[in-house]
Amino acid sequence: MPSIDVDQLSKRYPVAVKESGLGGTLRHFLRRQYRMVEAVQKISFHIEPGEIVGFLGPNGAGKTTTLKMLTGLIYPSSGTVRVGDQVPFQRRADFLQDITLVMGQKQQLLWDLPALDSLRINAAIYGLSDKEFHYRVDELTEMLALQGKLNQPVRKLSLGERMKAEMMAALLHRPQVLFLDEPTLGLDVNAQVAVREFLRDYNRRYQATILLTSHYMADITALCRRVLLIYQGRLIYDGSLEGLLDRFAPYREVTVDLATQCDAAILSRYGELESLEGCTARLI
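Numbering-wise, my numbering puts 222 at position 217 of the sequence shown, and it's gapless, one number per residue.
Right, dumping it as structure tokens:
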């Protein structure tokens, strides 16, 4: 059984249309008009247990809307989605026990409390015993290199440390399906590497399924062998990362500054000569 099974999934919603100026404001107040936005349009894919899949697309393509439907935060307009044997928008307790959603721009830790206090709240929500709680905190602390940080107020942690603590809070109940929406957003290079290594380790230890969105291609190339590409709400590619590059970026443009002028015929041996101005050549 696939961990994630999506068939012809769509999401439409109305957006209010308002004209500029005072007259437009009055008309908007008295007789509001709407237009329908097709945020996600009939996308289908399957993800097997233990896969790490990258979910790519420009801003506004429908990535976050799709993740919200997969986690049950919003319901689809049409189509079906199952995570394991559950229908997400029914929000059953056993479904919520099996998944987690991490959004790089959102936080669940309480700002003025030590991270450990927020973790205790999560443990109570998920019904963890004291023994399970301490074991998992110790395990995740080691995996995330957060020794000595959990007793500090969250506001005093660095951005990278806060993201690691957020990851710990999201994974304390040991979910089997992880939905990650730009988990390395805003982090420095070292913190990004640490988060990637942790996710790889978590996947290897627990055979967890991970669906990852990111605008940092380093995240995708380090973790994902398969990628989904969504554009204007439509799924336009589902396959290997290598296949994606071959399809959408089959060549590279190179600018070469030469010590001396070179004949165009010689440069053409190394690629298609786009331009040659003095000692500067552009090849593709």
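Using N, Cα and C, we set each Cβ at its ideal position, and we do this for glycine too.
Model, not experiment: these values are computed from the prediction.
Separation of residue j from residue i, as counted between CA atoms
i: Q197; j: D224; result: 8 Å
i: L118; j: V159; result: 6 Å
i: L281; j: D268; result: 9 Å
i: D206; j: A44; result: 34 Å
i: C284; j: G244; result: 41 Å
i: N195; j: I126; result: 30 Å
i: Y131; j: L124; result: 11 Å
i: S8; j: R141; result: 24 Å
i: K16; j: S82; result: 5 Å
i: G248; j: E258; result: 19 Å
i: Q95; j: E279; result: 56 Å
i: R252; j: G26; result: 46 Å
i: A98; j: R230; result: 31 Å
i: G29; j: V20; result: 16 Å
i: K68; j: D143; result: 33 Å
i: L78; j: Y18; result: 14 Å
i: F100; j: M222; result: 30 Å
i: I271; j: L263; result: 13 Å
i: Y80; j: E277; result: 50 Å
i: A129; j: Q46; result: 39 Å
i: A174; j: R167; result: 10 Å
i: S273; j: L246; result: 29 Å
i: T70; j: L250; result: 25 Å
i: N64; j: D135; result: 42 Å
i: G62; j: L133; result: 37 Å
i: R209; j: Y242; result: 26 Å
Chain-order list of residues whose beta-carbon lies under 8 Å from that of residue i (same chain, five-residue window excluded)
i: Y275; result: L288
i: A66; result: I235, Y236, Q237 and G238
i: L240; result: I48, S49, F50, L233 and L234
i: A150; result: K169 and A199
i: R179; result: R141 and Y211
i: Q152; result: T146
i: E53; result: P7, S8 and T214
i: M74; result: L14, K16, V45, Y80, P81, V86, P93 and F94
Beta-carbon gap between residue i and residue j smaller than 9 Å
i: F50; j: V11; result: yes
i: G165; j: L204; result: no
i: N156; j: L115; result: no
i: Q112; j: E171; result: yes
i: R36; j: V22; result: no
i: S219; j: T189; result: yes
i: L217; j: V86; result: no
i: L162; j: K154; result: yes
i: M6; j: D90; result: yes
i: Q13; j: G109; result: no
i: A213; j: G55; result: yes
i: F138; j: L177; result: yes
i: D186; j: L72; result: yes
i: V182; j: V42; result: no
Residue(s) in a DSSP beta bridge with residue i
i: H51; result: D10
i: L61; result: L234
i: G244; result: V232
i: S82; result: Its beta-bridge partners do not exist; DSSP assigns none.
i: V45; result: K16
i: I104; result: V182
i: Q112; result: DSSP, once it has assigned bridges, lists no residue as partnering Q112.
i: A286; result: V261 and L281
i: V22; result: Q38
i: V88; result: I9 and Q91
Neighbourhood of residue i by C-beta distance below 7 Å, restricted to the same chain and skipping five residues each side
i: T76; result: P93, I104, L106 and F184
i: R201; result: D224, A227 and L228
Closer than 9 Å to chain D by CB, residue i
i: I57; result: Among the protein chains of the structure shown there is no chain D, as only one such chain exists.
Cβ shell of residue i (< 6 Å), same chain only, five flanking positions each side left out
i: V261; result: A286
i: H33; result: K23
i: Q38; result: V22
Any non-hydrogen atom of the ligand SAM within 8 Å of residue i CB
i: R167; result: Inclusion of the ligand SAM in the displayed structure is not the case, the ligand content being empty and no account of it being possible.
*asked:* I'd like the ranges of any alpha helix (DSSP H) spanning at least 4 consecutive residues and lying wholly in the region 204-241.
replied: 222-228
*Report the residue ranges of all alpha helix (DSSP H) runs contained in full by the region 259-283; include only those spanning at least 4 residues, in chain order.*
269-272
*Output the residue ranges of the beta strand (DSSP E) runs that lie fully inside the region 114-196 and measure 3 residues or longer, sorted by chain position.*
182-186
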